[in-house]
Each structure stands twice: as structure tokens, then as C-alpha cells.
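**Student:** Dumping the structure here so I can ask a few things about it.
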Amino acid sequence: MEWQPDEQGLQQVLQLLKDSQSPDTATQRAVQEKLEQLNQFPDFNNYLIFVLTSLKSEDEPTRSLSGLILKNNVKAHYQNFPTNVADFIKRECLNNIGDPSPLIRATIGRSSLFVSLSQVTCYSMCEPVHHRSSSGSDG
């Protein structure tokens, strides 16, 4: 069964995304603190990819911002993502790389979310091989 957001959680994430677009410094600080708290919950990344790829009723800047926050989370925390979260994000990126919106396509494709996922996935897969080959076997 595909992941579905809790409606209350989704509304909180949407409000956070809207607040993050405020020019007010105090609001920006509060948003940053909340983001740091939410990053403790891997499910938060599911909400971000859901807003980016599935919430077509939201305005494009909010959807794109969701993707940019997710990109930063992927770069900083991907190794801590549970497998089901990582798989959901990758699947949603692949399924939506052809979004009708140029901004959303750019967020998924060119602005590095997909590239970040690919690099982190490749690094995770290649790292053990790298360590084995550089361990200096004398044989």
C-alpha cells in the first residue's frame, strides 16, 4: 500500500512551507527551528515529496520549495532514511520527472533532487567496493 499523509500533518507542513516564504526574520528563525525538529522524523521527507509530486492544487513555488528542502535533507541525512522512505522518494521522483510544470520538472530533475538521490545512492552502493579496493591487499 502506497504511503498517504495524515491530513493534520500535511496541513502543518504546508503552513511551514508558506511561512518559510515570509520575509520576516523572526518567522524565518521559527521556520528553521521547526525544520530542524521535523528532520528528526524520517516521515517528514515523505510529506515533502508528496507536496512536490502529488499536491497539484498547491501553488508551484510552494511545491518547488518542498523539493528544495527535500534535496537538502537528502544531501544531509539520506544515510539515516529508512529504506521505505528512500524508496518512496526515488519512486516519486521517477514517476514525476515529466510533471507538466517546468518549475516542478526543474526541481525534480535539473535542480539536483534527482541528481542528489543518484549521487547518494551511488555513493552508498559504491562505498564498500571503494573501501575493499583501497584496503591494500598484498595478494
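Here the UniProt record's numbering is used: position 63 in the sequence shown is 63, and no number is missing along the way. Each residue gets a CB set at the ideal place from its N, CA and C atoms; glycine is no exception. Quick caveat: nothing in here was measured; it's all calculated off a predicted structure.
So for residue 87, helix, strand or coil by DSSP?
**Tutor:** Note: residue 87 maps to helix in three-state DSSP.
**Student:** What does a CB cutoff of less than 6 Å around residue 99 pick up in its chain, not counting 5 residues either side in sequence?
**Tutor:** Answer for residue 99: 105, listed in chain order.
**Student:** Beta carbon of residue 54, beta carbon of residue 17: below 8 Å?
**Tutor:** No, they are not a contact pair.
**Student:** For residue 99, which three-state DSSP category applies?
**Tutor:** Coil at residue 99, not helix or strand.
**Student:** Kindly indicate which three-state DSSP category residue 81 falls into: helix, strand or coil?
**Tutor:** Coil, per DSSP.
**Student:** Of the residues 23, 70 and 60, which one's Cα is nearest the Cα of residue 41?
**Tutor:** If we check each option's Cα against that of residue 41, 70 comes out closest.
**Student:** Could you compute how far the alpha carbon of residue 73 sits from the alpha carbon of residue 57?
**Tutor:** Roughly 24 Å separates the two Cα atoms.
**Student:** Counting Cβ pairs, one atom from each stretch, are 3 or more of them under 8 Å apart for the region 2-9 and the region 45-52?
**Tutor:** Touching, yes, given that three or more Cβ pairs across the two stretches are closer than 8 Å.
**Student:** Which residues in the same chain as residue 52 place their Cβ atom closer than 6 Å to its Cβ, once the five residues preceding and following it in sequence are excluded?
**Tutor:** Correct list, in chain order: 63, 66 and 67.
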